[in-house]
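Peer 1:
In our numbering, the protein residues as written are 740 to 1184.
1) Looking at residue 1165: is its Cβ nearer than 8 Å to the Cβ of residue 1114?
2) Mind listing, in chain order, the continuous alpha helix (DSSP H) runs of no fewer than 4 residues lying wholly within the stretch 850-933?
3) Are the stretch 890-900 and the stretch 931-946 touching by the rule of at least three beta carbon pairs closer than 8 Å?
4) Just to confirm, is the Cβ distance from residue 864 to residue 770 under 8 Å?
5) Tell me whether residue 1025 is buried or exposed, calling it buried when 16 or more other Cβ atoms sit within 10 Å of its Cβ.
6) Determine the contact status of residue 908 and residue 837, defining contact as a CB-CB distance below 8 Å.
7) What residues are listed by DSSP as bridge partners for residue 770?
8) If I follow the unbroken alpha helix (DSSP H) through residue 792, where does it start and stop?
9) Below 8 Å, can you find three or more Cβ-Cβ pairs linking the stretch 1097-1114 to the stretch 1150-1169?
10) Quick one: give me the first and last residue of the alpha helix (DSSP H) that residue 1019 is part of.
11) By DSSP, does residue 1121 sit in helix, in strand, or in coil?
12) Please look up how many angstroms separate the CB atoms of residue 917 and residue 891, rounded, as I've assumed it's under 8 Å.
13) Which residues mark the beginning and the end of the alpha helix (DSSP H) in which residue 833 is found?
14) Alpha carbon to alpha carbon, what distance is there between residue 966 and residue 1034?
15) What three-state label does DSSP hand residue 942 in the structure shown?
16) Please confirm whether residue 976 and residue 1020 have their CB atoms less than 8 Å apart.
17) Could you tell me if residue 911 is buried or exposed, where buried requires 16 or more neighbouring beta carbons within 10 angstroms of its beta carbon?
18) Would you report the Cα separation of residue 789 and residue 969, rounded to the nearest angstrom?
19) Run the CB neighbour count on residue 1094, radius 10 Å, all protein chains shown included, and call it buried at 16 or more, exposed below.
20) Give the single residue among 780, 1032, 941, 1160 whose Cα lies nearest to the Cα of residue 961.
21) Below 8 Å on the Cβ atoms is my guess for residue 1147 versus residue 1128; work out the distance and round it to an integer in Å.
22) Helix, strand or coil for residue 841 per DSSP?
23) Compute the distance between the beta-carbons of residue 819 and residue 877, then report whether it is under 8 Å.
24) Could you check what DSSP says for residue 1010 in three-state terms: helix, strand or coil?
25) Quick check on the DSSP output: the alpha helix (DSSP H) that includes residue 816 runs from which residue to which?
26) Considering just the uninterrupted stretch of the alpha helix (DSSP H) at residue 803, what are its terminal residues?
27) Which residue's Cα is closest to the Cα of residue 1117: 893, 1153, 1092?
28) Looking at the structure shown, is residue 1040 part of a helix, part of a strand, or coil, going by DSSP?
29) Measure the Cβ-Cβ separation of residue 1186 and residue 940 and say whether it is below 8 Å.
30) By DSSP, does residue 995 sit in helix, in strand, or in coil?
31) Tell whether a beta-carbon distance below 8 Å holds between residue 938 and residue 879.
32) In this structure, how does DSSP classify residue 936 when only helix, strand and coil are distinguished?
33) Could you give the distance in angstroms between the alpha-carbon of residue 972 and the alpha-carbon of residue 978?
34) Give me the Cβ distance between residue 920 and residue 786, rounded to the nearest whole Å; I'm assuming they're in contact under 8 Å.
35) To the nearest angstrom, how far is the alpha carbon of residue 841 from that of residue 901?
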């Protein structure tokens, strides 16, 4: 029997490569929403009523646009809103109104005339979340709807405030008909069973939006603070320019100023300039630096992070992987010559001399400014006392004389105290300036 089997003719073995490929299309079908009677009513009523209102407005009619707006905004809206609550419910008697796809009639007609109809999926999933968040998610689609409504509303209001009539009507029709219908149909893709465009319907952007709002608030506050500090500095700078650069355009009436008055004006200008430059412009510049430092402390890490991402995108190969950005920047900067880092004895002596000269200049300049302030303060109060007592030589009687002498005595007492303080400050500055020569420091032995 085995011999008979061995004598039978056997077919050659079948190789896997000889199997012909299958003719079944394994590609995933695209997904599109159904055009149900309910959705068809929403689109048709939106387009027809919006267009009718725009035409009536273009024809300068007053009653018809208001009637259409009331009918569409109250009656139609309420009917469609109540009906929309039953769209995604099961076991309803009006399933044909929410489930039947009106596009099937068009595709059936095309096939009847031997025309090819598109093939796609229309099954929908539930958009309700199993775990409901505390707040509704901020998806990309909702951001798009909010931003579009805001932009069109701002454009229409600005055109209306300018007194235009045709342009606001056109904007209203574009937003109320074209944009609204497009956004409504686009929003139907949220119920896609294949999760079409998850970046628009699935991802919650609430945290990035919150962080972006905090960043915008941070930058806005710092920019306002910088504007205030720069404005403060500019005001003091303008005062200094007006004080030293501009003179009176018209000659003053009366006798010319005396040498004493001119000297007082010069002293006052110098003291005011030092105070304006030091206290006014100095505080403004210091405030600007503080604002820039606070801004840079937050912005610099973001810039470094963005640089890293750009490097990854464009594929920079200038530095090794894993090297820190600061290390790479230090390696990219030319190295300081060795003679500057470790100078020779002769060069070190020159450095010490330059440092000593700079210290002497700073020491002298600081004491000179302090002495000018203190001595100028004293001269201003002395001049004020002289001018007040000059006014006593003018004849006055009764209550005026009592008020003048009472005010003069009280003001003179305060001026004398301020003069003593200024004199003490001037002497203190002189003592501090010459204290290195005597080997003693102020208030120390």
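In this text, a Cβ means the ideal position worked out from N, Cα and C, and glycines have one as well.
Peer 2: So, to answer that:
1) In this structure, residue 1114 lies closer than 8 Å to residue 1165 by Cβ.
2) Secondary structure in the stretch 850-933: the alpha helix (DSSP H) runs of 4 residues or longer, each lying completely within the stretch, are 879-900, 905-912, 919-926 in chain order.
3) Below 8 Å, too few C-beta pairs join the stretch 890-900 and the stretch 931-946 to call them touching: fewer than three.
4) No, they are not a contact pair.
5) Around the beta carbon of residue 1025, fewer than 16 other beta carbons lie within 10 angstroms, which makes this residue exposed.
6) For residue 908 and residue 837, no; Cβs fall outside 8 Å.
7) 860.
8) Run containing residue 792: 776-797, per the alpha helix (DSSP H) assignment.
9) Output reads yes: the stretch 1150-1169 touches the stretch 1097-1114.
10) Segment: none, residue 1019 is in no alpha helix (DSSP H) and carries neither H nor E.
11) DSSP places residue 1121 within a helical segment (H, G or I) once states are collapsed to three.
12) Between residue 891 and residue 917 the Cβ distance is about 11 Å, and since that is not below 8 Å, they are no contact.
13) Note, residue 833: premise wrong, no alpha helix (DSSP H); not H, not E.
14) Between residue 1034 and residue 966, the C-alpha separation is close to 14 Å.
15) The answer is coil: DSSP assigns residue 942 none of H, G, I, E or B.
16) Yes.
17) Residue environment: residue 911 is assigned as buried (16 or more neighbouring CB atoms within 10 Å of its CB, all protein chains considered).
18) Here the C-alpha atom of residue 789 lies approximately 52 Å from the C-alpha atom of residue 969.
19) Exposed, because fewer than 16 other Cβ atoms sit within 10 Å of the Cβ of residue 1094.
20) Looking from the CA of residue 961, the closest CA among 780, 1032, 941, 1160 belongs to 1032.
21) Correct: roughly 7 Å between the Cβ atoms.
22) In this structure, residue 841 counts as coil in the three-state DSSP scheme.
23) Annotated as distal: residue 819 and residue 877, with beta-carbon spacing of 8 Å or more.
24) Three-state DSSP puts residue 1010 in a helix.
25) The continuous alpha helix (DSSP H) containing residue 816 extends over residues 816-823.
26) Counting along the chain, the alpha helix (DSSP H) containing residue 803 begins and ends at 802-809.
27) Comparing alpha-carbon positions, the option among 893, 1153, 1092 lying closest to residue 1117 turns out to be 1153.
28) Helix at residue 1040.
29) Examination of residue 1186 is not possible in this model, given that the chain is present from 740 through 1184 alone.
30) In this structure, residue 995 counts as coil in the three-state DSSP scheme.
31) Taking 8 Å as the Cβ cut-off, residue 938 and residue 879 qualify as a contacting pair.
32) Secondary structure of residue 936 (DSSP, three-state): coil.
33) So the two alpha carbons sit approximately 10 Å from each other.
34) Indeed they touch by this definition, with Cβ atoms about 6 Å apart.
35) Taking the straight line from one Cα to the other gives about 45 Å.
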